[in-house]
Ligand code: F6R
């Protein structure tokens, strides 16, 4: 939700910042802006350029900013307060102070009134902060003090980066709540950004700002302080990421590249779970976390699995597997519902929060709520230094590598892989899965990446199917058991990428209403590989009901399933995996590619769907 970049050093700030923003555009793309400070003969001046729309619209205007300035800030916006026009675009300036903001100022109406309506040129809440800092500077406070004191007036979660015309060698970065900031310390230069990709061209030594913390950043290093002004120790982390991860590597879109990265991502996800010893290969849970997850689960009466969006569908899959293999009651919940419904939680219950970014505001709030009730909370996340990873009792990393396309693909499949490994590992630890079955699971996990490879080779078949079905009246996705969350995910992918109406249903629910929608212009995507036991035949009966109402069916199942093929208009076969629960992961590829190719045929912005942003750090 908004991308921030700040730079101080010897290079051209405008160029470093523009390149950095290109790496963060997935965070917001409603408008963009860059401001630099130029100091000549000891007098600093502000320069700013802004545009509505995508970052590329700013390209022509960046040249108006002085190349020789070594201090600046930039921003790509996902609008909260005020529409996406130039006036509302960041950076915001008040006297000598320039700020960029990610988050929401909840008490903005009251502060705006206090500051005086006549001083405002935008409709944003963010502009308030520029005025508050400028007013504190006018009272004689230095920049860090002026920022710190102004920040304490704000309610809500926010991250700001502040520069000052009169202090042209300093950046202040400050944060509270789910608005991430990461500082990069380079050779004779300092950077700050909302996410690591913006820093990688300059440094791999980074520091993630903690909650309620601010950093004074200069070309020769960074110092961190708490909000009372007490200095804290900074421990830099070295990032090992492969720089290729942030390039398209010849694919037309990040999405397609990320879909094709799934075999590798799944292998990386599962590798650390599988422990080879002299006697046997096994799945080990506690090696993957910092504490005794097994003990906590053994004591739990309930497991609450909490997430949003695609991660919630992974949670639904997790609920299914945990109940079956760990034999403890599990419930998947949407974080924004869970946190406000006053759930009945016991201190010995366990929470699992699932979040690719580790920065989703509602999911973080749910994790905090559970921890405050004394529960142990585990995180499934892709970002090691994220808020969720830092705050939870144990972390299961997805190891998917950076995901740039706003719509999740490899993040989802690796979440499923973590849930499978976790459920089996806990099932073994609790004695519900015996040695023979564990061995079978290990074999199935090891085979999964090559089965996915095999499937990706059939990608052009989906392209062909997408051509036939790109102009349907609507799209219904059906699944049962472990395929129900896949149906939900398939529909979400199509909605967000191709802007068409798509709904996911539990197939058994069809005759309770949605069947009324069925006609020949309605595509029913039936996700029904074998492996869901008796549910398989039940789904096929539901598909027969669709066919008898002249619905058009795209079946996703196994090659050997001739009956399913016969009742489908088109059919995509997935390879057979020994353990049926992993079919869910295999069924994802056609769903992802169908959304991709329909979106491409309609000429939509695949990597950056309208109105969305990759990480939702506001409520
Ligand atoms: C959809 C999508 C979103 C995210 C959701 C949660 O493709 O990506 O629905 O899954 O915003 O994000 P994380 O996993 O970062 O908490």
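Residue numbers (my numbering): 9 to 627.
Cβ coordinates follow ideal geometry from the N, Cα and C atoms, glycine included.
Chain-order list of residues whose beta-carbon lies under 6 Å from that of residue i (same chain, five-residue window excluded)
i           : result
residue 66  : 40 and 59
residue 492 : 514
residue 473 : 578
residue 172 : 104, 105 and 151
residue 512 : 485, 495, 496 and 499
residue 275 : 457
Residue i versus the options, residue with shortest Cα-Cα distance
i           : options               : result
residue 484 : 282, 563, 319 and 443 : 563
residue 95  : 131, 113 and 125      : 131
residue 477 : 601, 450 and 551      : 601
residue 609 : 533, 479 and 203      : 479
residue 352 : 382, 330 and 223      : 382
residue 414 : 89, 266 and 566       : 266
residue 565 : 598, 555, 254 and 625 : 598
residue 45  : 87, 31 and 99         : 99
residue 8   : 128, 107, 23 and 246  : Residue 8 falls outside the range modelled here, since the chain spans only 9 to 627, and no answer is possible.
residue 607 : 508, 400 and 557      : 508
residue 502 : 517, 531 and 524      : 531
residue 420 : 431, 407 and 432      : 407
residue 118 : 137, 102 and 108      : 137
residue 176 : 81, 625, 467 and 586  : 81
residue 358 : 380, 311 and 614      : 311
residue 438 : 305, 506 and 475      : 305
residue 446 : 290, 125, 235 and 587 : 290
residue 42  : 224, 14 and 155       : 14
residue 528 : 506, 538, 482 and 504 : 482
residue 471 : 231, 120, 603 and 143 : 603
residue 112 : 86, 125 and 102       : 86
residue 71  : 62, 79 and 56         : 56
Exposure of residue i, with buried meaning 16 or more beta-carbon neighbours within 10 Å
i           : result
residue 544 : buried
residue 249 : exposed
residue 309 : exposed
residue 160 : exposed
residue 618 : exposed
residue 350 : exposed
residue 260 : exposed
residue 571 : exposed
residue 592 : buried
residue 496 : buried
residue 51  : exposed
residue 341 : buried
residue 354 : exposed
residue 77  : buried
residue 567 : exposed
residue 558 : exposed
residue 519 : exposed
residue 49  : exposed
residue 552 : exposed
residue 246 : exposed
residue 54  : buried
Own chain partners of residue i with C-beta closer than 7 Å, once the 5 adjacent residues on each side are dropped
i           : result
residue 469 : 580
residue 374 : 314, 343, 346, 347 and 361
residue 301 : 293, 294, 386 and 402
residue 280 : 296
residue 327 : 313, 338, 339 and 340
residue 319 : 362, 363, 364 and 423
residue 388 : 360, 362, 404, 406, 423 and 426
Contact check, residue i vs residue j, beta carbons under 8 Å
i           : j           : result
residue 196 : residue 17  : yes
residue 395 : residue 367 : yes
residue 84  : residue 26  : no
residue 242 : residue 215 : yes
residue 202 : residue 12  : yes
residue 1   : residue 425 : One cannot answer for residue 1 here, as it falls past the ends of the chain, which runs 9 to 627.
residue 489 : residue 334 : no
residue 167 : residue 188 : yes
residue 365 : residue 623 : yes
residue 240 : residue 221 : yes
residue 526 : residue 88  : no
residue 164 : residue 122 : no
residue 596 : residue 449 : no
residue 169 : residue 141 : no
residue 35  : residue 621 : yes
residue 431 : residue 329 : yes
residue 271 : residue 410 : no
Residues near residue i by beta carbon distance below 8 Å, same chain, minus five either side
i           : result
residue 555 : 561 and 575
residue 219 : 183, 184, 185 and 395
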